[in-house]
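To start, the structure under review is shown below, and the notes come after it.
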Amino acid sequence: MANKLTPGSNMRWESSRMILPEHREAWLTHQQDTTKVKKPILDEQRWLEFELILREAMEYNEPLLFTYWKNGSFFELTGYCHYVSHDQKQFHIVCTNDDVHYLKFDVVMNVERA
Numbered sequence: 002m003a004n005k006l007t008p009g010s011n012m013r014w015e016s017s018r019m020i021l022p023e024h025r026e027a028w029l030t031h032q033q034d035t036t037k038v039k040k041p042i043l044d045e046q047r048w049l050e051f052e053l054i055l056r057e058a059m060e061y062n063e064p065l066l067f068t069y070w071k072n073g074s075f076f077e078l079t080g081y082c083h084y085v086s087h088d089q090k091q092f093h094i095v096c097t098n099d100d101v102h103y104l105k106f107d108v109v110m111n112v113e114r115a
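Just remember that my numbering sits 1 ahead of the position in the sequence shown, which is counted from 1.
Here it is in structure tokens:
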């Protein structure tokens, strides 16, 4: 008959199967850091495409889908571009539920029609 301490039994190590909360938090932050994406740099041609799409959407009051980068992740925002502030370098976007968002030029990664 085998008891808990015989070789081949896993019960010998059951007491050491524990993780401290500090280790768990460190492991989770490490996992989040490894999934982060570096911010891509857009070229001038891409900005010209954005300008054309924005101009047409503002003229005909069409919704746009903005993809922006924040803290290593990409997020999407759908709404109407109310105006473009060149002095503050940001877009004034009104969402479909009347929320107002301000997106800086340097975080916008893609603009397309919704």
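No residue lacks a Cβ here, since even glycine has one placed at the ideal position from N, Cα and C.
Going by alpha carbons, who is nearest to residue i out of the options?
i	options	result
residue 54	46, 89, 44 and 65	65
residue 58	97, 80 and 86	80
In three-state DSSP terms, what is residue i?
i	result
residue 55	helix
residue 43	coil
residue 88	coil
residue 35	helix
residue 63	coil
Where DSSP assigns a beta bridge to residue i, which residues make up the other side?
i	result
residue 68	77 and 111
residue 94	82 and 102
Please say whether residue j and residue i have beta carbons closer to each other than 9 Å?
i	j	result
residue 75	residue 90	no
residue 110	residue 48	no
residue 63	residue 115	yes
Quick one: measure Cβ to Cβ for residue i and residue j, integer angstroms, because I've assumed they're closer than 8 Å.
i	j	result
residue 68	residue 77	5 Å
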